[in-house]
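See structure below.
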Amino acid sequence: MSNTKNFVAVDWRTGPDRIYFFFPEKNSYSRFDFEDNKVLSGFPKPVDGKWEGFDKTAADLRFGFTTTTTHWNGGVDTLWLFYDEGTTPYVCEYSQQTDKAISKTPIAKSKWEKILPYYEKIVGVMWAESTAQRESYWFLLNDGNYLIYEIYSKTLEVLPLNGSSWAPMEEYKSQMMTAVTNDYPTFDTYFYVFLNDNRYLRYEQNAKKVFGPYTISDSTWPGLLKD
């Protein structure tokens, strides 16, 4: 077992709720299923050839998150993967139903264009609210601020961590590596912020409180530290 020092985490909702962890040093990824509470056997695996239509390496990936839209036969889950295409920030729209990429677009020409000025500072994204009138996401930045982006109105707010329910994260801003949503709990949503010293924070939406930091280990994240 080794200490994982660098990875990007993204959430996935279609099928068993899970998180994918991408490791840039070895261009590999792992799958952590919440129902099993562990990384599945056979992981980590090489990224190459496993993500149809998304032909980038783990080192190109900056952050990612899932959105869900209503549909007559159920919700449609989309994973948005934000990455570098040379010196240009891009976003890949990846279908969780078909398990392949739908499109790859410069962020400046996408529905996410308003976050472009903050691209280099974004640590991760929390799904905050979803109603018929409003769907908002919180973007955690590594400079002591965060964004609230509402999709329908396309409004963007820049707010300080201090004074918010995320205030305890401010002291860890220089250590933040990646962050990801977990909406597996039936009546709650968690947001994990992974730090670069083998620890993590957990934000619980119902309590509006940050817990931790906790050490990443085989008891807290079984299989994540496996090579």
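Add 48 to a position in the sequence shown, counting from 1, and you land on the number used in my numbering. Note that CB positions come from ideal geometry on N, CA and C, so glycine has one too. This structure is a prediction, so every number in the text was calculated from the model and none was measured.
- For phenylalanine 69, the CB contacts under 7 Å within the same chain, skipping 5 residues up- and downstream, are Phe55, Ala57, Tyr77, Ser78, Phe80, Leu272 in chain order.
- The segment 200 to 209 makes no contact with the segment 85 to 98, as fewer than three CB pairs between them are under 8 Å.
- In the three-state DSSP reduction, proline 154 falls in the strand class (E or B).
- Going by C-alpha positions, tyrosine 197 is about 19 Å away from tyrosine 240.
- Per DSSP, threonine 229 is one residue of the beta strand (DSSP E) stretching across 224 to 230.
- Per DSSP, proline 216 lies in no beta strand (DSSP E) and is assigned neither H nor E.
- Rounded to the nearest whole angstrom, the C-alpha separation of proline 137 and aspartate 231 is 27 Å.
- Remark: C-beta atoms of leucine 127 and serine 143 approach each other more closely than 9 Å.
- Between the alpha carbons of leucine 209 and glutamate 252 lies a distance of about 16 Å.
- Here leucine 243 is near glutamine 223, since their CB atoms are less than 9 Å apart.
- Only residues of its own chain outside the window of five on either side were considered, and among them Asp108 have a CB closer than 6 Å to the CB of aspartate 132, listed in chain order.
- Assigned with DSSP and collapsed to three states, alanine 255 falls in coil, not helix or strand.
- Cβ contact annotation for asparagine 193 (same chain, cutoff 7 Å, sequence separation greater than five): Val206, Leu207, Pro208, Leu209, in chain order.
- Per DSSP, the continuous beta strand (DSSP E) segment holding threonine 117 begins and ends at 109 to 117.
- Taking 9 Å as the cut-off, the beta carbon of isoleucine 264 is found no closer than this to the beta carbon of arginine 250.
- As DSSP reads the structure, aspartate 103 sits in no beta bridge.
- By the Cβ test, the segment 160 to 178 is not in contact with the segment 145 to 152, since fewer than three Cβ pairs between them sit closer than 8 Å.
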